[in-house]
Amino acid sequence: MRITTTVNGQQRVVDDVWEGESLLYVLRERMGLPGSKNACEQGECGSCTVYLDGVTACACLVAGGQAEGREVVTVEALADADGLHPVQEAFLECGAVQCGFCTPGLLVQTHDLLARTGRPSDPEIREALAGNLCRCTGYEKILDAVRLASERMASR
Amino acid sequence: MTAITTRAVGSSPTRIEGTAKVTGAARYSTEQDHLGDVAYLWPVPATIAKGRVEAVDSDAVAGLPGVLAVLTPDNAPRLETPDDAELAVLQDHEVSYRGQFVAAVVATSLETAREAAASLHITYAEVPHDSELTENHPKLSKPEKVNPAFPTDTEDGDVDAALAAAAVTVDATYRTPPVHNNPMEPHASLAVWLGHELTLYDSLQGAFAAQQALAKLFALPPASVHVINEHVGGGFGSKGTVRLGAVLAAMAAREVGRPVKVVLGRQHMFTVVGYRTPTIQRVRLGADADGQLTAIEHAAIEQTSTVLEFAEQTTVATRIMYAAGSRRTSHRLAALDVPTPRWMRAPGECPGMFALESAMDELAVATGVDPVEIRIRNEPDVEPESGKPFSSRNLVACLREGAERFGWAARDPRPGVRRDGRWLVGTGVAASTYPSYVGPSTASAAAEPGGGFVVRISAADIGTGARTVLTQIAADALRVRVEEVRVEIGDSSFGQAALAGGSMGTASWGWAVTRAGERLRAALDEHGGDGRLEVHVDTAEEVKARTGFAYHAFGAQYAEARVDLDTGEVRVPRLLGVFGVGRIVNPRTARSQLIGGMTMGLSMALHEEGVLDPAFGDYVNHDFAGYHVAAAADVADIDAVWVDEQDEHVNPLGVKGIGEIGIVGTAAAVANAVFHATGVRVRDLPIRLDKLLGGLPG
Numbered sequence: 013m014r015i016t017t018t019v020n021g022q023q024r025v026v027d028d029v030w031e032g033e034s035l036l037y038v039l040r041e042r043m044g045l046p047g048s049k050n051a052c053e054q055g056e057c058g059s060c061t062v063y064l065d066g067v068t069a070c071a072c073l074v075a076g077g078q079a080e081g082r083e084v085v086t087v088e089a090l091a092d093a094d095g096l097h098p099v100q101e102a103f104l105e106c107g108a109v110q111c112g113f114c115t116p117g118l119l120v121q122t123h124d125l126l127a128r129t130g131r132p133s134d135p136e137i138r139e140a141l142a143g144n145l146c147r148c149t150g151y152e153k154i155l156d157a158v159r160l161a162s163e164r165m166a167s168r
Numbered sequence: 010m011t012a013i014t015t016r017a018v019g020s021s022p023t024r025i026e027g028t029a030k031v032t033g034a035a036r037y038s039t040e041q042d043h044l045g046d047v048a049y050l051w052p053v054p055a056t057i058a059k060g061r062v063e064a065v066d067s068d069a070v071a072g073l074p075g076v077l078a079v080l081t082p083d084n085a086p087r088l089e090t091p092d093d094a095e096l097a098v099l100q101d102h103e104v105s106y107r108g109q110f111v112a113a114v115v116a117t118s119l120e121t122a123r124e125a126a127a128s129l130h131i132t133y134a135e136v137p138h139d140s141e142l143t144e145n146h147p148k149l150s151k152p153e154k155v156n157p158a159f160p161t162d163t164e165d166g167d168v169d170a171a172l173a174a175a176a177v178t179v180d181a182t183y184r185t186p187p188v189h190n191n192p193m194e195p196h197a198s199l200a201v202w203l204g205h206e207l208t209l210y211d212s213l214q215g216a217f218a219a220q221q222a223l224a225k226l227f228a229l230p231p232a233s234v235h236v237i238n239e240h241v242g243g244g245f246g247s248k249g250t251v252r253l254g255a256v257l258a259a260m261a262a263r264e265v266g267r268p269v270k271v272v273l274g275r276q277h278m279f280t281v282v283g284y285r286t287p288t289i290q291r292v293r294l295g296a297d298a299d300g301q302l303t304a305i306e307h308a309a310i311e312q313t314s315t316v317l318e319f320a321e322q323t324t325v326a327t328r329i330m331y332a333a334g335s336r337r338t339s340h341r342l343a344a345l346d347v348p349t350p351r352w353m354r355a356p357g358e359c360p361g362m363f364a365l366e367s368a369m370d371e372l373a374v375a376t377g378v379d380p381v382e383i384r385i386r387n388e389p390d391v392e393p394e395s396g397k398p399f400s401s402r403n404l405v406a407c408l409r410e411g412a413e414r415f416g417w418a419a420r421d422p423r424p425g426v427r428r429d430g431r432w433l434v435g436t437g438v439a440a441s442t443y444p445s446y447v448g449p450s451t452a453s454a455a456a457e458p459g460g461g462f463v464v465r466i467s468a469a470d471i472g473t474g475a476r477t478v479l480t481q482i483a484a485d486a487l488r489v490r491v492e493e494v495r496v497e498i499g500d501s502s503f504g505q506a507a508l509a510g511g512s513m514g515t516a517s518w519g520w521a522v523t524r525a526g527e528r529l530r531a532a533l534d535e536h537g538g539d540g541r542l543e544v545h546v547d548t549a550e551e552v553k554a555r556t557g558f559a560y561h562a563f564g565a566q567y568a569e570a571r572v573d574l575d576t577g578e579v580r581v582p583r584l585l586g587v588f589g590v591g592r593i594v595n596p597r598t599a600r601s602q603l604i605g606g607m608t609m610g611l612s613m614a615l616h617e618e619g620v621l622d623p624a625f626g627d628y629v630n631h632d633f634a635g636y637h638v639a640a641a642a643d644v645a646d647i648d649a650v651w652v653d654e655q656d657e658h659v660n661p662l663g664v665k666g667i668g669e670i671g672i673v674g675t676a677a678a679v680a681n682a683v684f685h686a687t688g689v690r691v692r693d694l695p696i697r698l699d700k701l702l703g704g705l706p707g
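Residue numbers (my numbering), protein chains in the order written: chain A, 13 to 168; chain B, 10 to 707.
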């Protein structure tokens with residue numbers, strides 16, 4: 013089947029998509045956008061988190077066809093012409109990135125958290141990120157990064 | 010060894026590839042987009058635990074649109090005999106464990122390959138299997154050595170007599186379950202053939218070793234195999250050597266005449282890539298009334314598969330930790346019909362120190378000596394078994410620093426007496442240790458025509474920050490700013506280098522990078538920069554000459570545990586690790602790595618458990634829904650710090666590895682804290698609430 017969808021602000025048309033393919037597969041293997049990662053394929057780890065019509069979702073659990081006519085935003089679009097988004101900067105500065113495989117999903121989830129909740133408390137951060145597994149960092153540096161990004165965004 | 014002058018080393022530049030990682034631009038192994046039409050392979054796991062593949066009926070799927078090949082034990086290309094028997098994939102019809110790959114489908118899309126693989130009909134001749142490790146298993150035997158080349162058993166002094174005469178004894182059996190590495194990136198391989206030249210993009214902890222293994226397997230000169238591992242999404246030991254996905258990719262790519270991707274599913278990660286063996290460990294301690302050890306015995310029982318012998322070095326840390334008049338350690342191994350266990354972060358030290366450090370806590374309770382003090386009291390002057398001096402050993406400093414920071418002094422030793430609302434509260438301590446290994450490595454350094462310098466080494470950055478710290482080290486050796494240095498890693502063509510394993514990356518690669526930088530600087534000073542200078546170094550001789558000392562890192566871990574009186578739920582609001590790990594090259598990446606290790610230790614203490622179903626011979630909880638790893642909400646206040654440690658013997662940089670020591674001792678610290686909170690001693694991990702409920706104070 014053909015899917016027409018808006019990805020990172022651009023209209024994309026892909027053909028020959030099998031009905032059972034996930035949005036994650038379509039992004040990674042058909043659109044050349046491998047930023048979203050496949051680490052569990054069952055919605056447990058959050059590595060493939062993207063925005064679908066402004067709501068975060070695990071792209072592995074969304075069928076490619078469900079993106080028809082909708083808007084998808086991936087980690088590749090968080091930075092803009094002015095440079096990195098404060099969330100990306102904070103992750104770098106705080107040492108919240110190690111192997112980097114969980115990072116794209118965590119960035120999108122954090123981006124969403126800070127858009128909805130300006131200055132989240134620690135329990136709110138941990139709750140918001142509870143669906144994003146990281147095996148390297150031990151989360152502490154990720155928490156630091158979210159706090160830092162939140163401070164900087166609030167003071168702008 | 011002469012100490013080097015450092016400027017960049019010790020500073021905290023941000024991760025060099027960090028921007029690529031936070032923008033999604035970093036390309037992991039199978040994410041190459043310049044290769045044209047790739048094909049996808051999906052493996053077929055055995056559905057029996059032991060027996061033979063009688064027949065694979067591939068006719069029905071071979072004709073499906075998009076299916077390019079069906080590989081079976083009957084038609085798969087023959088390989089040379091590998092050193093690692095697990096790599097002989099599809100080379101015979103034997104099934105040695107449930108989940109072993111017995112066929113594979115290659116297709117133009119992943120979904121087609123999966124669909125075909127699922128409908129492939131395989132007939133087996135099944136025989137009874139035996140997958141359950143027990144204390145008295147008839148197959149238990151003494152391996153020739155334990156990993157990598159330690160004696161299986163050691164004995165020093167008369168343990169039995171010392172135990173019989175001891176004023177206080179501890180005799181306890183500890184169990185650790187199978188634990189699965191689960192790096193976030195599954196093993197992923199992309200193989201491309203150009204004539205008789207193989208290029209493999211793979212998620213590996215060492216490109217050079219993989220090149221050698223694949224060259225042997227496919228009967229190629231090593232120069233015809235090129236392995237690239239630019240970005241690796243974690244490994245924790247499971248990517249230490251080439252795995253069978255790479256072999257399948259290379260095999261299939263040659264069969265179908267186009268690049269082939271093999272990305273394992275999470276479920277495959279519980280069987281074919283290795284895991285930490287379960288252990289049953291008996292520890293006996295004898296001491297005088299003051300807690301001075303007179304005897305230590307540590308006997309480990311563990312498993313391997315029938316495919317190959319993997320003997321984990323579970324009790325080796327006991328050989329170096331404490332002074333005692335007598336000591337005995339041993340390992341017994343049963344080859345069962347189970348997936349092959351392999352290295353997982355601090356193999357040996359991690360489960361072994363859970364047992365030893367739990368036993369030390371039990372000894373502290375039995376003698377009434379403070380748990381910090383009892384460790385200090387048994388501090389050895391030299392490495393107990395070898396008699397060698399330590400190149401440096403700061404366990405006591407770590408214990409004291411940790412006690413100070415954690416507020417240990419006011420601790421009431423009585424268990425089960427502190428309440429904060431519905432929570433029982435306790436604290437625990439345990440020691441950590443990990444060897445400071447180093448491996449020979451080669452490196453090159455060149456002045457670039459346009460200015461600046463490039464250093465090349467076949468190192469791997471599996472998330473550690475290797476690329477960043479090597480750039481700092483190179484800059485110091487070249488006496489230039491880090492901005493002037495580009496370090497290239499992740500490519501077998503850069504020559505032999507140590508693995509990103511055994512916590513030896515920075516020590517080994519840093520040594521070679523230092524020598525390359527120094528030599529290039531000397532050449533430039535002598536000849537002037539004409540823009541074409543390049544030097545090559547090999548540290549083999551220097552590394553071999555490192556001798557005369559016992560080289561280990563040490564640390565102390567402190568934990569606070571809170572246990573819900575009614576539900577038995579365990580929370581760990583505070584974890585503190587204090588480490589003596591030599592020179593810290595980059596505090597930012599180091600702290601992150603140490604805390605990451607501690608969190609994996611916390612995860613081991615409370616969550617992680619591969620549950621074997623003896624009837625089927627497999628791990629039933631083989632995904633992230635059933636196999637729990639610590640999430641953000643499981644971790645609270647956690648910190649890692651280090652004591653100042655100058656070690657001029659360990660290597661020219663004075664660094665010790667930090668990748669593994671963080672996980673060693675954490676589980677014991679948590680278990681000891683849980684005991685202090687509740688009075689319940691949990692000797693088999695993980696500390697689930699059902700193990701506490703019966704014993705909680707009313």
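Backbone N, C-alpha and C define an ideal beta-carbon position, used for all residues, glycine too.
**OP:** List in chain order: all unbroken alpha helix (DSSP H) runs of 4+ residues lying wholly within the stretch 91-146 of chain A.
**Re:** 98-105, 115-128 and 134-140
Original post:
Quick one: which chain B residues come within Cβ less than 7 Å of residue 138(A)?
Top reply: 641 and 642
**OP:** Going by CA-CA distance only, name the one from 45(A), 86(A) and 53(A) that's closest to residue 67(A).
**Re:** 86(A)
**OP:** Specify the secondary structure class of residue 240(B) as computed by DSSP and reduced to three states.
**Re:** coil
Original post:
Are the Cβ atoms of residue 112(B) and residue 76(B) separated by less than 9 Å?
Top reply: no
**OP:** Return helix, strand or coil for residue 670(B), following the three-state DSSP convention.
**Re:** helix
Original post:
Given a limit of 9 Å on CB to CB distance, which residues of the stretch 124-151 of chain A reach chain B?
Top reply: 134, 135, 137, 138, 139, 140, 141, 142, 143, 144, 145, 146, 147, 148, 149, 150 and 151
Original post:
Using CA coordinates, which residue listed in 132(A), 57(A), 34(A) and 43(A) is at the minimum distance from residue 163(A)?
Top reply: Looking at 132(A), 57(A), 34(A) and 43(A), the one whose alpha-carbon comes closest to that of residue 163(A) is 132(A).
Original post:
Is the number of C-beta pairs between the stretch 273-290 of chain B and the stretch 345-356 of chain B that are closer than 8 Å three or more?
Top reply: yes
**OP:** State the Cα-Cα distance for the pair residue 417(B) and residue 94(A), rounded to the nearest angstrom.
**Re:** 49 Å
Original post:
Distance, Cα to Cα, residue 526(B) vs residue 516(B)?
Top reply: 15 Å
Original post:
residue 77(B) touches chain A at which residues, Cβ-Cβ below 8 Å?
Top reply: The contacting residues do not exist; residue 77(B) stays about 16 Å from chain A at best.
**OP:** Using a Cβ-Cβ cut-off of less than 8 Å, give me the residues of the stretch 166-199 of chain B that come near chain A, in sequence order.
**Re:** 191, 192, 193, 194 and 195
Subject >> Neighbourhood of residue 87(B) by C-beta, 8 Å cutoff - its chain only, sequence neighbours within 5 removed >> reply: 100
**OP:** With a threshold of 16 other CB atoms inside 10 Å of the CB of residue 441(B), please say whether the residue is buried or exposed.
**Re:** buried
Original post:
So does the stretch 45-59 of chain A actually touch the stretch 113-127 of chain A, counting three or more Cβ pairs closer than 8 Å?
Top reply: yes
Subject >> Contacting residues, own chain, Cβ-Cβ under 8 Å from residue 148(B) (five flanking each side not counted) >> reply: 139, 343, 344 and 345
Original post:
Under three-state DSSP, which class holds residue 451(B)?
Top reply: strand
Original post:
Could you check where the beta strand (DSSP E) with residue 70(A) kicks off and where it finishes?
Top reply: 67-70
**OP:** Please list the partners that residue 115(A) has in chain B, where partner means a Cβ-to-Cβ separation under 8 Å.
**Re:** 30 and 31
Original post:
Taking 9 Å as the CB-CB limit, is residue 80(A) close to chain B?
Top reply: When Cβ-Cβ separations below 9 Å define contact, residue 80(A) makes no contact with chain B.
**OP:** Please compile the residues from chain A whose C-beta is within a distance smaller than 9 Å of the C-beta of residue 240(B).
**Re:** 111, 112 and 113
**OP:** Note down, in chain order, every chain A residue with its Cβ under 9 Å from the Cβ of residue 118(B).
**Re:** 28, 30, 33, 37 and 41
Original post:
Taking buried to mean at least 16 other C-beta atoms within 10 Å of its own C-beta, is residue 566(B) buried or exposed?
Top reply: buried
Subject >> Closer than 9 Å at the beta carbon, the chain B residues around residue 88(A) >> reply: 32, 33 and 34
Original post:
chain D beta carbons: is any one of them nearer than 9 Å to that of residue 279(B)?
Top reply: Among the protein chains in the structure shown, which are A and B, there is no chain D.
Original post:
Which residues in the same chain have their Cβ closer than 7 Å to the Cβ of residue 117(B), if we skip the five residues on either side of it in sequence?
Top reply: 48, 75 and 77
Original post:
Going along the chain, which residues of the stretch 327-360 of chain B sit with their C-beta nearer than 8 Å to a C-beta in chain A?
Top reply: none
**OP:** Determine the burial state of residue 509(B): buried for a count of at least 16 other Cβ atoms within 10 Å of its Cβ, exposed for fewer.
**Re:** With 16 or more neighbouring CB atoms inside 10 Å of its own CB, residue 509(B) falls in the buried class.
**OP:** State buried or exposed for residue 330(B), treating a residue as buried only when at least 16 other CB atoms are found within 10 Å of its CB.
**Re:** buried
**OP:** Measure the CB-CB distance between residue 671(B) and residue 639(B) and report whether it falls below 9 Å.
**Re:** no
**OP:** Give the secondary structure of residue 121(B) by DSSP, where H, G and I count as helix, E and B as strand, and everything else as coil.
**Re:** helix
Subject >> Interface positions of the stretch 96-107 of chain A facing chain B (Cβ-Cβ less than 9 Å), listed along the chain >> reply: 96, 97, 99, 100, 101, 103, 104, 105, 106 and 107
Subject >> Per-residue DSSP class, three states only, for residue 211(B) >> reply: In the structure shown, residue 211(B) sits in a strand (DSSP, three-state: E or B).
**OP:** Determine the burial state of residue 395(B): buried for a count of at least 16 other Cβ atoms within 10 Å of its Cβ, exposed for fewer.
**Re:** That one is exposed.
Original post:
Where does residue 519(B) land, buried or exposed, given buried means 16+ other C-beta within 10 angstroms?
Top reply: buried
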